[in-house]
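All remarks here apply to the structure that follows.
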Amino acid sequence: MSAISTIRNLGPATEAQFAKAGITSAEELRALGADEGYRRLLAAGTQPHFIGYYVIVMGLQGRPW
């Protein structure tokens, strides 16, 4: 299993937020996709912001944000 921080644009702080949401690997996040991953972040208490969602989408596409 790869760390979430191996996904482009996603660093240690985002990885910690995903861990609180129960998502602990890059493979798991890829399988869930950006919509469900972001939904789980919000459900775990992360403050909503469009850039956070955008960074996840672009990272899963392997593109810089």
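In our numbering, the protein residues as written are 30 to 94.
Each residue gets a CB set at the ideal place from its N, CA and C atoms; glycine is no exception.
Nothing here was measured: the structure is a model prediction, and the numbers come from that model.
Cα separation between residue i and residue j?
i: residue 86; j: residue 37; result: 10 Å
i: residue 72; j: residue 92; result: 26 Å
For residue i versus residue j, is the C-beta spacing smaller than 8 Å?
i: residue 50; j: residue 70; result: yes
i: residue 63; j: residue 33; result: no
i: residue 89; j: residue 59; result: yes
i: residue 94; j: residue 82; result: no
Decide if residue i is buried, meaning its Cβ has at least 16 other Cβ atoms within 10 Å, or exposed.
i: residue 52; result: buried
i: residue 47; result: buried
i: residue 43; result: buried
i: residue 66; result: buried
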